[in-house]
Amino acid sequence: MATDIQPDRRKHLEIDGIVLQYLQRNRLTETSKSFLSELLATGRQLPISNDQDEDEQYQTKTKQLIRTEKEELLRLFDRGQTELFFQKLAVHESESQSDEYLKLEFFLQLHFAVFRLRTKDEEQSDANDADQRMHRFKLYLENRGAALSQEPEFLPYFALPYNTNPRDRKSVV
1 MATDIQPDRR KHLEIDGIVL QYLQRNRLTE TSKSFLSELL ATGRQLPISN
51 DQDEDEQYQT KTKQLIRTEK EELLRLFDRG QTELFFQKLA VHESESQSDE
101 YLKLEFFLQL HFAVFRLRTK DEEQSDANDA DQRMHRFKLY LENRGAALSQ
151 EPEFLPYFAL PYNTNPRDRK SVV
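Numbering (this note's numbering), first residue to last: 1 to 173.
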C-alpha cells in the first residue's frame with residue numbers, strides 16, 4: 001500500500017480490495033465488473049492486491065472492463081440510441097465539468113439530433129423520431145448547452161432546431 005495517501009482513504013482502499021477479492025474468488029464476475037465500474041465512476045482509487053498474479057489478473061480485468069464499456073458506448077453511438085448512450089456516459093459524471101467534456105457533449109448531442117436525418121433506411125428515418133431528437137437538442141441548447149452559445153465554433157448549430165428543413169444544411173447532416 002502507498003503511504004502517501006490519507007489513513008481513511010487507505011482503509012477504504014483496503015476494504016475495496018477485500019470486497020473485490022471476495023467477489024473474484026467466488027466467481028461473481030458481473031458483480032465484480034459492476035463494483036470496479038462504480039469505483040471508476042466515483043473517482044475512487046482502484047484497489048491493488050499484494051499478490052503479483054492477482055495484480056496482473058486485476059489489471060487485465062480492469063482493461064477488459066474499460067474496453068467493454070468503450071465498445072458498448074460505440075455500439076450505442078453507431079445505432080443512434082440516445083437515451084442508453086447518455087445513461088452509460090452519465091456513469092463518468094465526475095469529468096463532466098471540464099471544457100473539453102462540454103464540447104464533446106455538445107457534438108454528441110448534435111450527432112444524435114441529426115442521426116435520423118443522415119439515415120438512408122426508411123424504417124429508421126421516422127419523421128416523428130427526427131422531430132423528437134431535434135426537440136431534445138433544442139432543450140439541451142437552452143439548458144446545459146447554453147454555456148457554449150458565446151463560442152463562434154458552436155453558433156451555427158444553435159439555429160438548427162429552428163430550421164424548417166435541416167436536411168438542406170449539408171454541413172450539419
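Backbone N, C-alpha and C define an ideal beta-carbon position, used for all residues, glycine too. If you're wondering where the values come from, they're calculated on a predicted model, not measured in any experiment.
Would you grab the beta carbon distance between residue i and residue j for me? Rounded to a whole angstrom, and I think it's under 8 Å.
i           : j           : result
residue 80  : residue 47  : Not a contact, Cβ separation roughly 37 Å.
residue 219 : residue 154 : Outside the shown range of the chain (1 to 173) lies residue 219, about which nothing can therefore be said.
residue 33  : residue 65  : 5 Å
Among the options, which residue has its Cα nearest to the Cα of residue i?
i           : options               : result
residue 21  : 8, 10, 9 and 36       : 36
residue 108 : 45, 133 and 42        : 133
residue 136 : 153, 83, 39 and 43    : 83
residue 131 : 140, 145 and 113      : 113
residue 157 : 111, 129, 8 and 128   : 111
residue 78  : 150, 160, 149 and 118 : 118
residue 144 : 19, 104, 60 and 11    : 104
Can you say whether residue i is buried or exposed, counting buried as having 16 or more other CB atoms within 10 angstroms of its CB?
i           : result
residue 89  : buried
residue 98  : exposed
residue 14  : exposed
residue 71  : exposed
residue 139 : exposed
residue 141 : buried
Who are the near neighbours of residue i in its chain, counting only those whose CB is closer than 7 Å to its CB and skipping five residues on each side?
i           : result
residue 147 : 102
residue 124 : At residue 124 the pLDDT is 49, less than 50, meaning the model places this residue with poor confidence and gives no usable figure here.
Please list, in chain order, all residues of the same chain as residue i whose beta carbon is under 6 Å from its beta carbon, the five residues on each side excluded.
i          : result
residue 31 : 23
Can you give me the Cβ contacts of residue i inside the same chain, cut-off strictly under 8 Å, excluding the 5 residues immediately before and after it?
i          : result
residue 27 : none
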